[in-house]
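Those letters in the sequence shown? Residues 175 to 748, by my numbering.
Glycine included, each C-beta is placed from N, C-alpha and C at the ideal position.
Keep in mind that this is a model prediction, so the values were computed, not measured.
One structure below.
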Amino acid sequence: MTNQSDMTNYLQTFVEGMISSGVEQAVISPGSRSTPLALLLHRQEQIKTFIEVDERSAAFFALGLSKASSKPVVLLCTSGTAAANYYPAICEAYASHMPLIVLTTDRPHELRQVGAPQAMDQFHLFQGHVKEFIEMAIPEGTKTMLDYAYWQGMRATDTACQVPKGPIHLNFPLREPLLPNLDRSLIAEKTTAILAGKKQLSKEQIINCVDAWQGKKGILVVGGNHTSEEAEVFIKLAETLNWPIISDPLANITTCGKNSPLIMSCADLFIQEVEMIQYPEVVVRFGMLPISKNTMFWLQSLEDKTTMYFVDETGEWQDQLKQTQVAIQVEEQAFVQTIIDKVEIKTVDSWSNQWITWQEVTEQQLNELSEMKTLNETSASLLVHKKMADNGQLFVSNSNAIRFLDRFSTAESNHYQLFGNRGINGIDGIISTALGMCAINPERQNVLLIGDLAMYHDMNGLLLAKRYNLPLTIVLLNNNGGGIFSFLSQRQLAAEDFEPIFGTPIDLDFSLVAQLYDANYVKAESLEQLAVLLETTQKQPAFQIIEVVGDRQENVQLYEKVMMELKEKLREKQ
């Protein structure tokens with residue numbers, strides 16, 4: 175056989191191995207050294223491919239595909255700095271447990287460290303931010319090596335999907351000529367069934383948990399990313415125990431369509447302001463801490479008062495408070511359902527009623543605010559939440575956008591899925607990730623809530639919307655700079671220091687950005703106009719930018735007013 179045939183058979187059997195483990199989509203960054211893998215993936219009927227020339231954008235787009243589909247996604251690029259541009263998205267995928275199969279192509283060993291063009295050290299390029307690094311062998315056509323290629327494709331994909339999920343990096347040294355044999359049949363000739371179980375506790379351990387929880391004054395704290403269906407199970411657990419539930423926005427507790435009085439959606443606002451006569455005897459945490467700093471401070475204050483349980487599905491000990499007294503390493507959903515089925519004694523209403531009162535007082539105070547009836551960044555964010563269609567998809571950016579939803583949104587009757595990049599919490603790649611989300615379900619209402627700096631950071635990603643006709647509605651909160659810093663200690667600095675380093679105004683006309691990428695553009699002038707625009711997206715999805723012009727100081731003043739008035743109202747209820 176020729177080198178071309180050997181390479182084609184070797185790479186094709188590798189692709190078949192990935193398909194056997196569930197790969198259905200791939201994002202390709204064009205380049206020379208990756209030619210054979212790119213062509214074989216692109217021509218494979220069982221894999222849908224997307225092409226993106228900007229590697230950083232491509233990687234975040236793949237991340238969005240994986241988030242919205244809950245499936246492994248392939249990411250392919252050529253050698254050199256192309257692979258280095260994948261790094262930010264891979265860091266996010268690793269921290270947020272998303273299964274990416276990262277394929278980098280490379281010079282063969284004889285062309286490494288000798289000054290060959292577009293060559294760099296790609297060994298362990300992503301360091302500790304991948305679950306595993308695999309240096310693939312030079313392609314050969316023997317049965318032994320074809321079995322090896324298939325096995326690596328299947329095993330790497332399966333490893334990426336095992337809890338804790340995460341990215342796998344495979345590096346392919348390839349010799350020229352790089353064009354594969356395109357006459358070869360691309361129909362998969364081999365498949366392997368993979369049967370896997372889930373971690374669970376013994377009956378005795380389950381009974382011990384039930385006995386320690388039922389009838390006790392307790393709190394559920396849910397972090398991490400969860401589907402709406404999973405969120406409903408957590409709420410059912412809260413109702414079964416009669417415990418309040420505090421959660422991260424991405425846990426989808428407030429967006430799953432179930433409006434339980436036990437959902438403490440405004441805990442960030444009231445939890446540090448109330449005078450607690452009764453403290454929880456038990457706190458049960460699931461996954462990483464929620465975004466709320468006030469909740470974190472409150473949990474820290476309970477160290478000597480409360481028994482802390484930590485349900486850690488990944489086994490990675492992601493407990494930054496280090497207060498865990500009982501660590502439960504088990505598959506979350508099956509465990510929660512088992513507890514629900516075993517609980518026989520509810521906690522007395524006096525415990526949950528005080529929390530319900532605090533939540534109701536906070537909601538009432540927010541409803542009475544005149545600022546919530548006029549257009550600003552906070553009211554616009556809440557309106558996006560309220561105008562999401564059933565089965566819609568909302569991606570929320572980091573910094574202020576997700577905090578507006580965390581602090582001020584309440585559980586509504588609409589049922590939609592909320593996504594975000596909260597593994598590393600960066601503002602890079604937000605547009606591309608949201609477009610990956612949109613590509614999975616383009617027929618639904620797809621919305622991105624984002625600030626101007628995050629928008630600027632990933633404008634290249636907008637090309638994906640233009641190329642693939644992705645109907646993403648971008649609600650742009652534009653306060654001309656880094657609004658989050660106006661809430662932080664840096665705001666004490668003099669204007670000549672604060673503004674250039676932290677305020678960072680960029681003075682961009684985003685109507686011209688929309689024009690460049692063929693997006694519709696509207697500057698919202700009122701809350702009523704924004705409501706009409708969002709309602710239209712429910713039935714007529716479109717690629718568009720809706721700009722909401724905000725003010726950094728206005729955001730801070732509104733928050734301070736909320737806290738001042740809330741203290742008074744809560745004091746009256748004590």
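Neighbour-count burial assignment, Asp321, 16 or more Cβ in a 10 Å radius: Position 147 of the sequence shown, counting from 1, holds the residue named residue 321. Under this definition Asp321 is an exposed residue.
Taking the straight line between their C-alpha atoms, what separation do you get for Met438 and Trp529? By 1-based counting over the sequence shown, the position of residue 438 is 264. By 1-based counting over the sequence shown, the position of residue 529 is 355. Approximately 8 Å, taken between the alpha carbons.
Can you tell me whether Ser571 is helix, strand or coil according to DSSP? For the purposes of this step, residue 571 is taken as residue 397 along the sequence shown, with counting starting at 1. Three-state DSSP puts Ser571 in coil, outside helix and strand.
7 Å Cβ shell around Lys747 - same chain, five flanking residues per side excluded: The sequence position of residue 747 within the sequence shown is 573, counting from 1. Answer for Lys747: Thr531 and Val535, listed in chain order.
Range of the contiguous alpha helix (DSSP H) that encloses Ala334: As a position in the sequence shown, residue 334 is number 160, starting the count at 1. Where Ala334 is concerned, the enclosing alpha helix (DSSP H) stretches over Lys317 to Cys335.
Every unbroken alpha helix (DSSP H) within the segment 491–560, with a cutoff of 4 residues, ordered by chain: 506–516, 523–542 and 551–560
At what residue ranges does the segment 291–320 contain a whole run of the beta strand (DSSP E), taking only runs of 3 or more? 306–309
Inter-residue Cα distance where the pair is Ile420 and Asp580: Locating residue 420 in the sequence shown gives position 246, where the first residue counts as 1. Locating residue 580 in the sequence shown gives position 406, where the first residue counts as 1. The alpha-carbon atoms of Ile420 and Asp580 are separated by roughly 11 Å.
Contact check, Lys390 vs Thr498 under 8 Å by CB: the rounded distance? In the sequence shown, the residue the question calls residue 390 occupies position 216. In the sequence shown, the residue the question calls residue 498 occupies position 324. Contact doesn't hold; Cβ gap of about 17 Å is too wide.
Using DSSP bridges, identify the partner residues of Arg459. Indexing the sequence shown from 1 puts residue 459 at position 285. Paired residues: Val395 and Phe484.
For a test of the three-state rule: what should DSSP assign to Leu476, helix, strand or coil? Position 302 of the sequence shown, counted from the first residue, corresponds to residue 476. Of the three classes helix, strand and coil, the one that applies to Leu476 here is coil, per DSSP.
Closest to Pro210 by CA distance: which of Phe235, Gly191, Ser194 and Tyr184 is it? Position 36 of the sequence shown holds residue 210. Cα-wise, what sits closest to Pro210 is Tyr184.
I need the boundaries of the beta strand (DSSP E) containing Lys222, first residue and last residue. Here residue 222 corresponds to residue number 48 of the sequence shown, with the count starting at 1. Residues Lys222 to Ile225.
Where does Asn652 land, buried or exposed, given buried means 16+ other C-beta within 10 angstroms? In the sequence shown, counting from the first residue as 1, residue 652 sits at position 478. Buried, since its Cβ has 16 or more Cβ neighbours within 10 Å.
What number of angstroms, rounded off, separates the C-alpha of Asn399 from the C-alpha of Leu237? For the purposes of this step, residue 399 is identified with residue 225 of the sequence shown, where counting begins at 1. For the purposes of this step, residue 237 is identified with residue 63 of the sequence shown, where counting begins at 1. Their backbone Cα atoms lie some 14 Å apart in a straight line.
Mapping the DSSP letters down to three states, classify Gly431 as helix, strand or coil. Along the sequence shown, read from residue 1 onward, the residue named residue 431 stands at position 257. Collapsing the DSSP output to three states places Gly431 in coil.
Collapsed DSSP secondary structure at Tyr695 in the structure displayed: Position 521 of the sequence shown, counted from the start, is the residue given in the question as residue 695. If DSSP states are grouped into helix, strand and coil, Tyr695 belongs with the strands.
Quickly, what does DSSP pair Leu250 with across the bridge? List them, please. The residue you call residue 250 lines up with position 76 of the sequence shown. Note: Leu250 sits in a beta bridge opposite Ile202 and Leu277.
Which listed residue (Ile409, Pro204, Ala263 and Arg207) has its alpha carbon closest to that of Ser231: Stepping through the sequence shown from its first residue, residue 231 is reached at position 57. The shortest Cα separation from Ser231 among Ile409, Pro204, Ala263 and Arg207 belongs to Ala263.
Measuring alpha carbon to alpha carbon, tell me which residue in Phe684, Arg286 and Gly289 is nearest Val626. The residue labelled residue 626 in the question sits at position 452 within the sequence shown. Checking the sequence, you will find Asp at residue 626 rather than Val. Closest by alpha carbon: Phe684.
Residues near Leu411 by beta carbon distance below 6 Å, same chain, minus five either side: Here residue 411 is taken as the residue at index 237 of the sequence shown, counted from 1. Cβ within range, chain order: Val510 and Ile514.
I need the DSSP call for Thr187, collapsed to helix, strand or coil. Residue mapping note: residue 187 aligns to position 13 of the sequence shown, counting from 1. Note: Thr187 maps to helix in three-state DSSP.
According to the Cβ coordinates, are Glu542 and Leu740 closer than 8 Å? Locating residue 542 in the sequence shown gives position 368, where the first residue counts as 1. Locating residue 740 in the sequence shown gives position 566, where the first residue counts as 1. For Glu542 and Leu740, no; Cβs fall outside 8 Å.
Going by C-alpha to C-alpha distance, which of Met633, Phe659 and Ala563 sits closest to Glu709? For this step, residue 709 is matched to residue 535 along the sequence shown. When only C-alpha atoms are compared, the closest one is Ala563.
Under 7 Å Cβ to Cβ from Gly656, same chain only, skipping five residues before and after it: list those, please. For this step, residue 656 is matched to residue 482 along the sequence shown. Leu627, Phe676, Gly677 and Thr678, listed in sequence order.
Who pairs with Thr647 in a beta bridge, going by DSSP? Counting from 1 along the sequence shown, the entry for residue 647 is found at position 473. Beta-bridge pairing links Thr647 to Val621 and Gln718.
Could you pull out every residue in the same chain whose Cβ sits closer than 6 Å to the Cβ of Thr457, ignoring the five residues on either side in sequence? Position 283 of the sequence shown, counted from the start, is the residue given in the question as residue 457. Before going further, note that residue 457 is Val rather than Thr in the sequence given. Excluding sequence neighbours, Val457 sits near Ile393, Thr480 and Met482.
Excluding the 5 residues flanking Phe307 on each side, which residues of the same chain have their C-beta closer than 7 Å to its C-beta? Residue 307 sits at position 133 when you count from the first residue of the sequence shown. Excluding positions up to five away in sequence, the list reads His298 and His343.
Below 8 Å between beta carbons: does that hold for Arg654 and Ser526? Taking the first residue of the sequence shown as position 1, residue 654 is located at position 480. Taking the first residue of the sequence shown as position 1, residue 526 is located at position 352. Checking the displayed sequence, the identity of residue 654 turns out to be Asn instead of Arg. Using a Cβ distance threshold of 8 Å, Asn654 and Ser526 do not count as a contacting pair.
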